[in-house]
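Q:
Protein chains: 2
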Amino acid sequence: MDPRVYEHAEILVDWSARVERGDDVVLSVGPDAHDLAVAVAEKLGERGATLLATYDSSELTRAYLRAHDGEFAADPDYERALYERADVVLRLGGGRNTSAMADVPGETRSAYRRARTGVREARFATRWVSTAHPTRALAQQAGMAYEEYRDFAYDAICRDWEALADEMAHLKTRLDEGSEVRLLAGETDLTMSIEGRTAVNSAASVAYDSHNLPSGEVFTAPAATEGVVVFDIPMTIQGRPVRDVRLEFDGGDVVDHAAEAGEDVIAEILETDAGARRLGELGVGMNRGIDRYTNNILFDEKMAETVHLALGRAYDACLPDGETGNESAVHVDLLLDTGADSRFEIDGEVVAEDGTFVFEE
Amino acid sequence: MDPRVYEHAEILVDWSARVERGDDVVLSVGPDAHDLAVAVAEKLGERGATLLATYDSSELTRAYLRAHDGEFAADPDYERALYERADVVLRLGGGRNTSAMADVPGETRSAYRRARTGVREARFATRWVSTAHPTRALAQQAGMAYEEYRDFAYDAICRDWEALADEMAHLKTRLDEGSEVRLLAGETDLTMSIEGRTAVNSAASVAYDSHNLPSGEVFTAPAATEGVVVFDIPMTIQGRPVRDVRLEFDGGDVVDHAAEAGEDVIAEILETDAGARRLGELGVGMNRGIDRYTNNILFDEKMAETVHLALGRAYDACLPDGETGNESAVHVDLLLDTGADSRFEIDGEVVAEDGTFVFEE
Numbered sequence: 140m141d142p143r144v145y146e147h148a149e150i151l152v153d154w155s156a157r158v159e160r161g162d163d164v165v166l167s168v169g170p171d172a173h174d175l176a177v178a179v180a181e182k183l184g185e186r187g188a189t190l191l192a193t194y195d196s197s198e199l200t201r202a203y204l205r206a207h208d209g210e211f212a213a214d215p216d217y218e219r220a221l222y223e224r225a226d227v228v229l230r231l232g233g234g235r236n237t238s239a240m241a242d243v244p245g246e247t248r249s250a251y252r253r254a255r256t257g258v259r260e261a262r263f264a265t266r267w268v269s270t271a272h273p274t275r276a277l278a279q280q281a282g283m284a285y286e287e288y289r290d291f292a293y294d295a296i297c298r299d300w301e302a303l304a305d306e307m308a309h310l311k312t313r314l315d316e317g318s319e320v321r322l323l324a325g326e327t328d329l330t331m332s333i334e335g336r337t338a339v340n341s342a343a344s345v346a347y348d349s350h351n352l353p354s355g356e357v358f359t360a361p362a363a364t365e366g367v368v369v370f371d372i373p374m375t376i377q378g379r380p381v382r383d384v385r386l387e388f389d390g391g392d393v394v395d396h397a398a399e400a401g402e403d404v405i406a407e408i409l410e411t412d413a414g415a416r417r418l419g420e421l422g423v424g425m426n427r428g429i430d431r432y433t434n435n436i437l438f439d440e441k442m443a444e445t446v447h448l449a450l451g452r453a454y455d456a457c458l459p460d461g462e463t464g465n466e467s468a469v470h471v472d473l474l475l476d477t478g479a480d481s482r483f484e485i486d487g488e489v490v491a492e493d494g495t496f497v498f499e500e
Numbered sequence: 140m141d142p143r144v145y146e147h148a149e150i151l152v153d154w155s156a157r158v159e160r161g162d163d164v165v166l167s168v169g170p171d172a173h174d175l176a177v178a179v180a181e182k183l184g185e186r187g188a189t190l191l192a193t194y195d196s197s198e199l200t201r202a203y204l205r206a207h208d209g210e211f212a213a214d215p216d217y218e219r220a221l222y223e224r225a226d227v228v229l230r231l232g233g234g235r236n237t238s239a240m241a242d243v244p245g246e247t248r249s250a251y252r253r254a255r256t257g258v259r260e261a262r263f264a265t266r267w268v269s270t271a272h273p274t275r276a277l278a279q280q281a282g283m284a285y286e287e288y289r290d291f292a293y294d295a296i297c298r299d300w301e302a303l304a305d306e307m308a309h310l311k312t313r314l315d316e317g318s319e320v321r322l323l324a325g326e327t328d329l330t331m332s333i334e335g336r337t338a339v340n341s342a343a344s345v346a347y348d349s350h351n352l353p354s355g356e357v358f359t360a361p362a363a364t365e366g367v368v369v370f371d372i373p374m375t376i377q378g379r380p381v382r383d384v385r386l387e388f389d390g391g392d393v394v395d396h397a398a399e400a401g402e403d404v405i406a407e408i409l410e411t412d413a414g415a416r417r418l419g420e421l422g423v424g425m426n427r428g429i430d431r432y433t434n435n436i437l438f439d440e441k442m443a444e445t446v447h448l449a450l451g452r453a454y455d456a457c458l459p460d461g462e463t464g465n466e467s468a469v470h471v472d473l474l475l476d477t478g479a480d481s482r483f484e485i486d487g488e489v490v491a492e493d494g495t496f497v498f499e500e
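So the protein sequences, as listed, match chains R and G.
Read left to right, the first sequence gives residues 140 to 500 (the numbering used here).
Read left to right, the second sequence gives residues 140 to 500 (the numbering used here).
(1) Going along chain R in order, which residues have a C-beta closer than 9 Å to the C-beta of Ala-176(G)?
(2) Using a C-beta cutoff of 9 Å, does Ala-206(R) count as contacting chain G?
(3) Looking at Ala-276(R) and Phe-291(R), is the spacing between their C-beta atoms short of 9 Å?
(4) State the start and end residues of the unbroken alpha helix (DSSP H) segment that holds Val-404(G).
(5) So which residues on chain G does Ala-468(R) lean against when the C-beta distance must stay under 7 Å?
(6) Going by other Cβ atoms of all chains shown within 10 Å of its Cβ, with 16 needed for buried, is Glu-356(R) buried or exposed?
(7) I want to know whether the region 265-276 of chain R touches the region 167-182 of chain R - three or more CB-CB distances under 8 Å.
(8) Whole angstroms are fine: how far does the CA of Leu-421(R) sit from the CA of Arg-336(R)?
(9) Tell me Asn-435(R)'s beta-bridge partners as DSSP assigns them.
(10) Quick one: what's Val-227(R) bridged to in DSSP?
(11) Whether or not the region 380-399 of chain G and the region 407-421 of chain G are in contact is what I'm after, with contact meaning three or more pairs of Cβ atoms, one per stretch, closer than 8 Å; do they touch?
(12) Using a beta-carbon distance cut-off of less than 7 Å, what residues from the region 224-237 of chain G approach chain R?
(13) Is Pro-380(G) helix, strand or coil when you go by DSSP?
(14) List the residues of chain R that Val-168(G) touches, going by C-beta distances under 7 Å, in chain order.
(15) Just verifying my parser: in three-state terms, what is the DSSP assignment at Thr-255(G)?
(16) Just checking: is the beta-carbon of Leu-475(R) within a distance shorter than 9 Å of some beta-carbon in chain G?
(17) For Glu-306(R), which of Arg-253(R), Ser-341(R), Leu-448(R) and Val-345(R) has the nearest alpha-carbon?
(18) What is the DSSP secondary structure of Gly-494(R), reduced to helix, strand or coil?
(19) Using a Cβ-Cβ cut-off of 8 Å (strictly less than) and excluding sequence neighbours within five positions of Gly-419(G), which residues of its own chain qualify?
(20) Buried or exposed, going by whether 16 or more other CB atoms sit within 10 Å of the CB of Glu-218(G)?
(21) Looking at the unbroken beta strand (DSSP E) that takes in Thr-445(R), where does it start and where does it end?
(22) Quick one: which unbroken beta strand (DSSP E) runs of 3-plus residues sit fully inside the region 263-325 of chain R? Chain order, please.
(23) Indicate the three-state DSSP secondary structure (helix, strand or coil) for Leu-221(R) in the structure shown.
(24) For the region 384-392 of chain R against the region 431-444 of chain R, do three or more pairs of beta-carbon atoms, one drawn from each stretch, fall closer than 8 Å, so that the two count as touching?
(25) Which chain G residues are close to Leu-151(R), counting only those with a beta carbon under 9 Å from its beta carbon?
(26) According to DSSP, is Gly-422(R) helix, strand or coil?
(27) Consider the Cβ of Gly-401(R): report whether some Cβ of chain G lies at a distance smaller than 9 Å.
(28) For Asp-303(R) and Thr-330(R), what's the separation of their Cα atoms in angstroms?
(29) Would Thr-189(R) count as contacting chain G if we go by Cβ distances under 9 Å?
(30) Compare the C-alpha of Arg-289(R) against each of Val-258(R), Ala-278(R) and Ala-180(R) and name the closest.
(31) Could you name the residues of chain R that Glu-218(G) contacts, counting a contact when the two beta carbons are closer than 7 Å?
(32) Any beta carbon from chain G within less than 9 Å of His-173(R)'s own beta carbon?
(33) Please classify Thr-200(G) as buried or exposed, where buried requires at least 16 other C-beta atoms within 10 Å of its C-beta.
(34) Considering Cα atoms alone, identify which of Val-384(R), Ala-250(R) and Ala-264(R) is closest to Val-345(R).
(35) Distance check for Arg-253(R) and Val-158(G), CA to CA, integer angstroms please.
(36) Pairs of beta-carbons, one from the region 228-240 of chain R and one from the region 180-197 of chain R, closer than 8 Å: are there three or more?
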């Protein structure tokens with residue numbers, strides 16, 4: 140086995156999830172993530188944690204959803220009980236076809252997600268971490284050879300996370316102290332309130348309220364969004380290509396939307412619930428180790444010189460204690476390039492220009 | 140996909156587990172059982188049941204167990220809660236290497252099993268069914284080509300179960316009414332009490348207290364075993380070959396054991412706990428559709444003209460209400476040929492001779 144698989148497993152278990160003896164761990168295994176799962180299982184054994192593996196296959200879910208009449212049971216008790224009692228959930232993404240769900244109607248997927256809100260909340264209440272095993276399907280989605288893609292992925296994952304955390308702390312401080320963000324880039328001119336919100340220094344560890352590996356972004360929960368944004372980085376959402384999404388906001392809500400490709404996907408997402416029309420996240424990619432767009436949100440949103448905004452659910456970590464932010468069954472990230480000809484301002488002060496942060500100089 | 144995969148899934152869901160709308164179903168998926176899992180997921184969607192898939196990989200378990208110090212947490216709460224709330228557990232066996240656990244020390248496996256007795260009991264309290272997807276690993280273990288093996292497996296699985304149930308009812312009646320079984324074959328001369336016990340007409344459905352697909356056996360829970368038995372059908376137990384096991388019983392307990400191969404495996408099993416030295420099952424294979432030995436207990440023990448005895452745990456279905464039979468963390472089946480030169484007597488009356496039942500004539 141590639142020794143980087145073991146390195147990946149060790150970072151995931153020790154740095155990211157902080158697994159300790161006696162932790163009850165759910166390991167969610169994608170069909171092609173078997174090798175990583177074996178390495179993680181070994182690490183969990185070493186740590187004296189408990190292991191229960193679930194099978195996360197889009198092909199299974201597709202078959203199930205397409206056959207179902209759409210009247211889904213709300214928050215199945217057995218699954219909720221599992222996650223309510225789990226300490227850690229490690230999701231090892233790795234399917235065989237990233238478009239496996241392409242022919243499941245959007246309304247079926249939305250109904251299924253809505254019916255499982257409680258299960259999802261229980262999972263989010265654990266020390267959960269999502270990562271991905273570099274598979275052939277992900278290489279293909281990135282337009283890369285398999286060997287090339289593995290190098291890319293492990294360069295992004297096997298990093299000095301502590302050093303990156305120190306660097307990102309600068310932006311977190313600015314966001315925590317500020318009240319309004321303005322983002323300018325091409326047609327984009329957007330203002331958002333971040334008053335009273337706490338930014339997350341997302342350094343790929345639950346110790347930083349960060350739940351992705353790789354990570355390398357700073358994010359917060361915006362409100363009262365006004366203006367226009369164009370997401371010029373193409374993406375695949377729910378297995379379908381989406382390009383040049385344009386959203387117009389008024390009083391926090393999306394009031395107009397358009398897209399060069401995948402407008403129906405965006406429309407379906409916006410229809411999920413009231414929260415799906417508002418932003419749940421403003422994220423700033425700061426991982427200069429991720430050097431290209433690979434059509435995978437787990438990596439793309441951390442790429443330096445990009446900003447992403449998510450429709451839907453806000454993360455509790457960004458909100459004052461006891462306060463809930465934007466609620467929704469969805470959380471869908473959209474990206475824009477903030478390299479050349481862009482400006483990121485906090486309370487009228489320029490924090491980044493043309494892709495370079497002021498504190499980087 | 141081979142249409143027999145869908146037929147298998149339908150028999151499993153409808154005939155075997157009697158899945159109904161609203162049932163909470165755990166689907167345990169072996170790494171190479173993916174295709175069957177997809178077909179079962181479709182069927183569960185059609186029925187309006189709930190689906191949670193677990194990943195059952197011997198390679199994961201091996202990595203975990205070998206790395207662990209052996210002090211396992213007793214009955215992890217999150218896993219027990221899952222099974223306590225589940226209605227149905229469908230186990231789709233299908234690993235990539237039936238010897239994947241061969242280098243895990245027997246005492247580690249026993250300790251792990253012992254620590255999880257409560258989880259196992261919770262699983263056995265559901266409408267559970269074990270089946271196997273015909274994989275290349277199982278074909279290899281059977282010494283058969285893949286295509287040939289699939290024909291064999293589907294011939295055993297896709298049967299008229301109702302007709303077989305009617306045939307097996309004859310033996311069940313004899314066992315239910317009898318008090319002592321005597322088994323004669325070669326060196327074997329064994330007597331067992333079956334007084335007050337209820338035989339299971341194992342017709343591959345929970346409606347018959349039968350939890351295997353394929354099935355086709357009648358079994359009960361013996362007691363007070365006396366005499367000698369030689370298991371002349373070779374087997375693979377815990378990934379290791381076992382051949383010509385000879386057990387001597389006195390007052391229900393194994394008092395002497397030997398084997399031509401795998402004596403250490405048998406010794407480890409006998410050491411698990413007190414119940415591992417007693418019989419938990421007397422089973423009579425009656426499935427004439429299974430026409431050869433394939434080194435897989437799920438199929439072998441149902442083969443006509445064989446009898447199997449299990450060390451360890453007895454099935455509650457064989458016992459009077461409220462009474463518990465032999466208790467153990469293990470249940471290990473051993474087989475003997477009861478074709479030529481054999482006799483199966485109940486209370487001194489011959490029920491089968493040289494492989495033919497009296498009621499078959």
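Heads up, the beta-carbon is just placed ideally off N, CA and C, and yes, glycines get one too.
A: So, from the listed chains and residues:
(1) Here residue 176(G) corresponds to residue number 37 of the second sequence, with the count starting at 1. What Ala-176(G) touches in chain R: Tyr-194, Ser-196, Glu-198, Leu-199 and Ala-202.
(2) Counted from its first residue, the first sequence places residue 206(R) at position 67. Chain G, which has a Cβ nearer than 9 Å to the Cβ of Ala-206(R), makes this yes.
(3) By 1-based counting over the first sequence, the position of residue 291(R) is 152. By 1-based counting over the first sequence, the position of residue 276(R) is 137. Pairing Phe-291(R) with Ala-276(R) gives a Cβ-Cβ distance that is not under 9 Å.
(4) Start at 1 with the first residue of the second sequence, and residue 404(G) comes out as number 265. Going by DSSP, Val-404(G) is part of the alpha helix (DSSP H) stretching over 402-410.
(5) For the purposes of this step, residue 468(R) is taken as residue 329 along the first sequence, with counting starting at 1. Scanning chain G for C-beta atoms nearer than 7 Å to the C-beta of Ala-468(R) yields nothing, as the closest lies near 18 Å away.
(6) By 1-based counting over the first sequence, the position of residue 356(R) is 217. By the neighbour-count rule (16 or more Cβ atoms within 10 Å), Glu-356(R) is buried.
(7) Of all C-beta pairs linking the region 265-276 of chain R to the region 167-182 of chain R, three or more are shorter than 8 Å, placing the two stretches in contact.
(8) For this step, residue 336(R) is matched to residue 197 along the first sequence. For this step, residue 421(R) is matched to residue 282 along the first sequence. Roughly 11 Å separates the two Cα atoms.
(9) Numbered from its first residue, the first sequence carries residue 435(R) at position 296. Paired residue(s): none; Asn-435(R) is not in a bridge.
(10) Here residue 227(R) corresponds to residue number 88 of the first sequence, with the count starting at 1. Note: Val-227(R) sits in a beta bridge opposite Val-164(R) and Arg-266(R).
(11) At 8 Å Cβ cutoff, the stretches touch.
(12) Residues of the region 224-237 of chain G with a C-beta atom less than 7 Å from some C-beta of chain R are Arg-224 and Ala-225, listed in chain order.
(13) Working through the second sequence from its first residue, we reach residue 380(G) at position 241. Collapsing the DSSP output to three states places Pro-380(G) in a strand.
(14) Here residue 168(G) refers to the residue found at position 29 when the second sequence is read from its first residue. For a Cβ distance threshold of 7 Å, residue set Tyr-194 of chain R lies close to Val-168(G), ordered along the chain.
(15) On the second sequence, position 116 is the one that residue 255(G) refers to. In the sequence as presented, Thr is not what sits at residue 255(G); that position holds Arg. DSSP places Arg-255(G) in coil when its eight states are reduced to three.
(16) Position 336 of the first sequence, counted from the first residue, corresponds to residue 475(R). Residue contact with chain G for Leu-475(R): absent (no Cβ-Cβ distance below 9 Å to any residue of chain G).
(17) Walking along the first sequence from the start, residue 306(R) turns up at place 167. Residue Ser-341(R) is the option with its Cα nearest to Glu-306(R).
(18) Position 355 of the first sequence holds residue 494(R). Here Gly-494(R) sits in coil by DSSP.
(19) Counting from one through the second sequence, the residue named residue 419(G) turns up at place 280. Closer than 8 Å at the Cβ level, and outside the excluded window around Gly-419(G), lie Ala-360, Ala-449, Leu-450, Gly-451, Arg-452, Ala-453, Tyr-454, Gly-464, Asn-465, Ser-467 and His-470.
(20) As a working mapping, residue 218(G) is identified with position 79 in the second sequence. Buried.
(21) As a first step, residue 445(R) must be located in the first sequence, where it is residue number 306. Residues 445-451.
(22) Taking only runs of at least 3 residues, the beta strand (DSSP E) segments lying wholly in the region 263-325 of chain R are 266-271 and 319-324.
(23) For the purposes of this step, residue 221(R) is taken as residue 82 along the first sequence, with counting starting at 1. Note: Leu-221(R) maps to helix in three-state DSSP.
(24) The region 384-392 of chain R vs the region 431-444 of chain R: no contact.
(25) Taking the first residue of the first sequence as 1, we reach residue 151(R) at position 12. Think of a sphere of 9 Å around the beta carbon of Leu-151(R): no beta carbon from chain G falls inside it, the nearest being about 14 Å out.
(26) On the first sequence, position 283 is the one that residue 422(R) refers to. In this structure, DSSP gives Gly-422(R) an extended state, which the three-state scheme calls strand.
(27) As a first step, residue 401(R) is located in the first sequence; it is residue number 262 there, counting from the start. Under the Cβ criterion of 9 Å, Gly-401(R) is not counted among the residues facing chain G.
(28) Your numbering for residue 303(R) matches position 164 in the first sequence. Your numbering for residue 330(R) matches position 191 in the first sequence. The sequence shown places Leu at residue 303(R), rather than the Asp named in the question. About 27 Å.
(29) As a working mapping, residue 189(R) is identified with position 50 in the first sequence. Interface with chain G (9 Å Cβ-Cβ cutoff): Thr-189(R) is included.
(30) The residue labelled residue 289(R) in the question sits at position 150 within the first sequence. When each option's Cα is compared against that of Arg-289(R), the closest is Ala-278(R).
(31) Along the second sequence, one-based indexing puts residue 218(G) at 79. In chain order: Leu-191.
(32) Here residue 173(R) refers to the residue found at position 34 of the first sequence. In terms of beta-carbon proximity, His-173(R) lines the interface with chain G, with at least one pair separated by less than 9 Å.
(33) Residue mapping note: residue 200(G) aligns to position 61 of the second sequence, counting from 1. The residue is buried, with at least 16 neighbouring Cβ atoms inside 10 Å.
(34) On the first sequence, residue 345(R) is found 206 positions in, with the first residue counted as 1. Out of Val-384(R), Ala-250(R) and Ala-264(R), Ala-264(R) has the C-alpha closest to the C-alpha of Val-345(R).
(35) Walking along the second sequence from the start, residue 158(G) turns up at place 19. Walking along the first sequence from the start, residue 253(R) turns up at place 114. Straight-line Cα distance between these residues: approximately 24 Å.
(36) Flag = yes, the region 228-240 of chain R and the region 180-197 of chain R touch.
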